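Asks: Dropping the structure in here first, questions after.
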Amino acid sequence: MSELTKTKADLEDIESVDDSPVMDGSDMSSAAAETNSPRLLKLQDGSEQARERSRAVRLYLFLPIIFLTSALLGGLRLAAPDGAFVFVTPALLCLIFAVFMFALFIRGGMISIAGWFSDGAPTVQNVASGAVLLTAYAATAQVFNSLIPETGLPFWVVAFCFAWSLWNNLFADLDNKKLLRSMIALFAFAFAAKYIVLAGITAPAGEGGWLRSLIENPAKETMTWLLDLPRYTAGTGYIQFFCLALYFAGLYILPRSAR
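Residue numbers (the numbering used here): 274 to 532.
Here you go:
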């Protein structure tokens, strides 16, 4: 009897084992996925936080440094003949031109005000966004200060050309690429006019080259009176070239929205 009881108990154990659910491959993979999903979520959150951190450093640290450096170089001159450092503050007209340029940025889609400032964003973020745009405005004003001659007839001629171009662009159909191309062409022309043509004409004796020799004799006094430009060394042109390069690099990095 004991042996029959033992055999019956073994049969019941075997039946209970057969009735237990068996996990196929899909169930095992889903179970493994459920086990690893918290780890994957942590990795994804970590990578997103790293991207946000690098974007914030680029936007709120590197970009203001680029614009502030461009603004500093835009007012820097090397006076002739000793090469002393001179810092030239921007004229009121340069500040007005910078306002027009920012209006073009907004109209052309380079900057979205709603993307930089929001009621739902923290106050610190709105203040930081305003500081970034303020550095961009300062760099824009100093770029105009760099390209417009300081005094005399050339000041009014170049200023009129800038005013005419900015006013026409306000009513033109521009996008980001067209606006940047127009700016590069306009600023390059103004740079060549000031630091190649006018600098060659007003250079001290023996430094003007062929440009000065063409007009030196009968028209020398007339050109000196009309131009009435301060004299700077050749190093000033190199400084202003890097000012423009940094400025356009900052505009290239500047996003349309801070979010």
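Note that beta-carbon positions come from the ideal geometry of N, C-alpha and C, so glycine has one too.
Predicted model, so just to flag it, every value in this text is computed and none were measured.
So is N441 buried or exposed if we call it buried at 16+ other beta carbons inside 10 Å?
Replies: N441 should be labelled exposed.
Asks: Using the Cβ count rule (16 or more neighbours within 10 Å means buried), how would you classify S530?
Replies: exposed
Asks: Quick one: grab the DSSP three-state call for A357.
Replies: strand
Asks: Taking the alpha-carbon positions, what's the R454 to L377 distance?
Replies: 13 Å
Asks: Ignore the nearest five residues each way along the sequence and tell me which others in L336's own chain have a CB closer than 7 Å to its CB.
Replies: V405, G523, I526 and L527
Asks: With a floor of 3 residues, list each beta strand (DSSP E) that falls wholly inside the stretch 367-392, ordered by position along the chain.
Replies: none
Asks: Out of A507, F417, I384 and P503, point me to the one whose CA is closest to Y520's CA.
Replies: Of A507, F417, I384 and P503, the residue nearest in Cα terms is F417.
Asks: Should I469 and L349 be called a contact, given that it needs their Cβ atoms to be closer than 8 Å?
Replies: The answer is no: Cβ separation not under 8 Å.
Asks: Suppose you measure from the CA of T396 to the CA of S327; what does that come to, to the nearest Å?
Replies: 21 Å
Asks: So, is F370 buried or exposed, given that buried needs 16 or more other C-beta atoms within 10 angstroms?
Replies: F370 comes out buried.
Asks: Please work out which residues of its chain come closer than 6 Å, Cβ to Cβ, to T509, disregarding the five sequence neighbours upstream and downstream, and give them in chain order.
Replies: R350 and L351
Asks: May I ask you to report which of helix, strand or coil DSSP gives L517?
Replies: Helix.
Asks: Decide if the stretch 420-427 is in contact with the stretch 454-465; the criterion is three or more beta carbon pairs, one per stretch, under 8 Å apart.
Replies: yes
Asks: Going by DSSP, what residue range makes up the beta strand (DSSP E) through A352?
Replies: L349 to A352
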